[in-house]
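Have a look at the structure below before the remarks.
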DNA sequence: CATCACTTGAACTCATGGGTTCAAAATAGC
DNA sequence: GCTATTTTGAACCCATGAGTTCAAGTGATG
C-alpha cells in the first residue's frame with residue numbers, strides 16, 4: 001500500500017474523493033459511511049478517525065470539489081484579460097470552456113448535491129462561493145475593463161456578467177435536462193455562439 | 001371529519017398534498033411515511049391503501065404539483081397572445097409574473113426535489129414536462145407570432161424563447177441563492193425589466 | 001529494536017423507518 | 001338499517017446504517 005498512499009494526507013484525500021464520488025452517486029442520505037470507506041479503499045474507523053461524523057465528511061468533500069471547480073472556472077476567464085482584436089472569438093472561446101466545465105460530471109453532481117441538501121446545510125453556499133461571489137466578480141471585472149477600452153457598452157458590468165452567465169448556462173441546463181443528458185460537442189459550441197451573439201448585440205460597442 | 005374530507009378522493013388529495021409538503025421539507029430519503037400520514041391527517045395504512053409504496057407516492061405527489069405549476073406558468077404567457085401597442089410593458093408584465101411563479105415556495109421545492117432525485121427517478125423529467133417541452137413550445141409559438149407581425153426579429157423563435165427564459169431565470173437563481181433567499185418585490189421587477197431590456201435589444205424589431 | 005500513531009476488520013449497540021397485520025371503528029351506498 | 005368498503009391505531013417484523021469498541025496488525029521514527 002506504500003505505492004499508492006503514503007501518510008495521513010493521502011488517506012485524507014482518498015477519503016474525501018471517495019466520499020464525493022459516493023455522495024454524488026447516491027445523495028447524502030443514501031450514502032453509507034461503509035460505502036465511502038470501500039470506495040476510498042479504507043476501513044470505516046479510519047474514516048471516523050479523520051472526520052468526526054458523516055455531516056462534516058460531507059461538508060469537507062463538497063468543499064474540496066467546489067474549490068477545485070471554482071478554480072477551473074476562474075482560469076477559464078483568463079483569456080478575457082487580453083483578448084486579441086477579435087473580441088467575439090475570444091468570448092466564444094471562454095464561453096465554450098465554461099460550458100465544457102459546466103457539463104463536467106463533478107460539476108453536475110455538485111449542483112445536484114447543493115440543490116438537494118441546501119436546506120440541511122445552509123453553510124454550503126458560503127463554502128462553495130468561497131467568500132463572496134468570486135466567479136461573478138471576476139467576470140464583471142473583466143467586462144468592466146473591456147468597457148473602459150470602449151469594446152463593450154459601459155452601462156453596468158455586473159448586469160452584463162449576470163446576463164452573460166445566464167445566456168450561457170440557462171439554455172444548457174434546459175437542453176441537458178438538468179445535467180442528465182450529454183450534449184454533442186457541436187451543440188455545445190452552437191450554444192456558446194448563440195449566447196455570445198446575443199450578448200454582443202446587447203452589450204457590444206456600437 | 002365529515003366537515004373536512006368527504007370520500008376517498010379528498011383523502012387521496014390530502015395524502016398527495018401532505019406528501020409533497022413533507023418531501024419538500026425533508027427530501028425523499030428523510031421523509032417518513034408516518035410523517036406524511038400525520039401531515040395529511042391520516043393513518044399510515046391509509047397511505048398504503050392509496051399508494052403501493054413510497055416511491056409511487058413520491059411520483060404522484062410530484063406529478064400533481066408539477067402539473068399545477070406548469071398550468072400557472074402557461075397561463076402567465078397569455079398576455080403575449082394579444083399584447084397592446086406597448087410590447088415592452090407586456091413582456092415586462094409576463095416576465096414579472098414568471099419570476100413571481102419561479103420564486104414560489106412550491107416551485108423552489110419542486111426544483112430541489114428534481115435535482116435531488118433525478119438520478120433515482122429519471123422518469124420524473126417526462127412527468128414534469130408533461131409530454132414535450134410544453135412551456136418552451138408555448139413561448140416560442142407566441143414569439144413566432146410576434147415575429148410574423150414584424151414586432152420581433154424573425155430569426156429563430158426557439159432560440160429567442162430559450163434566451164428569454166434564461167435571461168429571466170438565470171440571474172434570479174443566482175441572486176436568490178438557489179431559491180434559499182427571498183428577494184424584495186422591487187428587485188424582482190428590476191430583474192424582469194433588465195431581462196426584457198436585453199431581450200428586446202437582441203430580438204426586438206429594429 | 002522499541003515505541004508510538006495510525007489502520008484494520010469484525011462485531012456490537014441503538015435508532016430509524018418501510019411495509020404489514022389485525023381487530024375495532026367509522027363511513028358509504030343502497 | 002344493513003352490508004361492504006375504508007379507516008384507524010397500535011403493534012409488529014426486518015433491513016439498514018451511524019457511530020463505537022477492541023484486539024491485532026502495520027508503519028514510521030529515533
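Residue numbers (the UniProt record's numbering), protein chains in the order written: chain A, 1 to 206; chain B, 1 to 206. Glycine included, every Cβ here is placed at the ideal spot set by N, Cα and C.
- Residue pairing from DSSP places residue 152(B) in a beta bridge opposite 204(B).
- Membership of residue 123(B) in any alpha helix (DSSP H) is not indicated, and neither H nor E is assigned to it by DSSP.
- For the 8 Å CB-CB criterion, residue 81(A) and residue 142(A) form a contact.
- Taking a 10 Å sphere around the C-beta of residue 118(A), we find 16 or more other C-beta atoms and assign the residue as buried.
- Contact of residue 163(B) with chain A is assigned, a C-beta pair being separated by under 8 Å.
- About 6 Å separates the beta carbon of residue 176(A) from that of residue 103(A), a gap short enough to meet the 8 Å contact definition.
- Among the residues facing chain B, residue 118(A) is included, as its CB has a counterpart in that chain under 8 Å away.
- Residue 166(B) and residue 72(A) have their alpha carbons spaced roughly 23 Å apart.
- By the CB criterion at 8 Å, residue 202(B) and residue 201(A) fall inside the cutoff.
- In chain order, 125 make up the part of chain A whose C-beta sits under 7 Å from the C-beta of residue 177(B).
- For chain B, the residues of the region 181-194 of chain A that bring a beta carbon within less than 8 Å of one of its beta carbons are 194, in chain order.
- The three-state reading of DSSP puts residue 15(A) in helix, counting H, G and I together.
- By the criterion of a C-beta distance shorter than 8 Å, residue 188(B) is surrounded in its chain by 96, 99, 100, 103, 172, once the five residues flanking it on both sides are discounted.
- Cβ contact annotation for residue 205(A) (same chain, cutoff 8 Å, sequence separation greater than five): 150, 151, 152, 153, in chain order.
- With respect to chain A, the C-beta atom of residue 27(B) has a partner C-beta closer than 8 Å.
- Residue 44(B) and residue 116(A) have their C-alpha atoms some 26 Å from each other.
- Listed in chain order, the alpha helix (DSSP H) elements of length 4 or more contained wholly in the region 41-81 of chain A are 44-50, 54-76.
- Membership of residue 170(B) in the alpha helix (DSSP H) is indicated by the continuous run 157-175.
- By the criterion of a C-beta distance shorter than 7 Å, residue 169(A) is surrounded in its chain by 102, once the five residues flanking it on both sides are discounted.
- In the structure shown, residue 181(A) falls within a coil segment according to DSSP collapsed to helix, strand and coil.
- Interface with chain B (8 Å Cβ-Cβ cutoff): residue 98(A) is excluded.
- Contacts between residue 198(B) and chain A, judged by CB atoms closer than 7 Å, involve 163, 202 in chain order.
- Annotated as proximal: residue 11(B) and residue 46(B), with beta-carbon spacing under 8 Å.
- The three-state secondary structure of residue 27(B), taken from DSSP, is helix.
- Check the Cα spacing between residue 181(B) and each of 198(B), 155(B), 105(B), 145(B): the tightest is with 105(B).
- The C-beta separation of residue 31(A) from residue 22(A) comes to about 5 Å, placing the pair in contact by the 8 Å criterion.
- With a threshold of 8 Å between beta carbons, residue 166(A) makes contact with chain B.
- Nearest in C-alpha terms to residue 197(A), of all of 88(A), 140(A), 184(A), is 88(A).
- Residue 184(A) and residue 9(B) have their C-alpha atoms roughly 46 Å apart.
- Shown here, residue 9(B) sits in a helix according to DSSP, grouped into three states.
- For residue 24(A) and residue 159(B), the gap between their C-alpha atoms comes out near 32 Å.
- The alpha-carbon separation between residue 74(A) and residue 107(A) amounts to approximately 14 Å.
- The C-beta distance from residue 77(B) to residue 139(B) rounds to 6 Å, short enough to fall under 8 Å.
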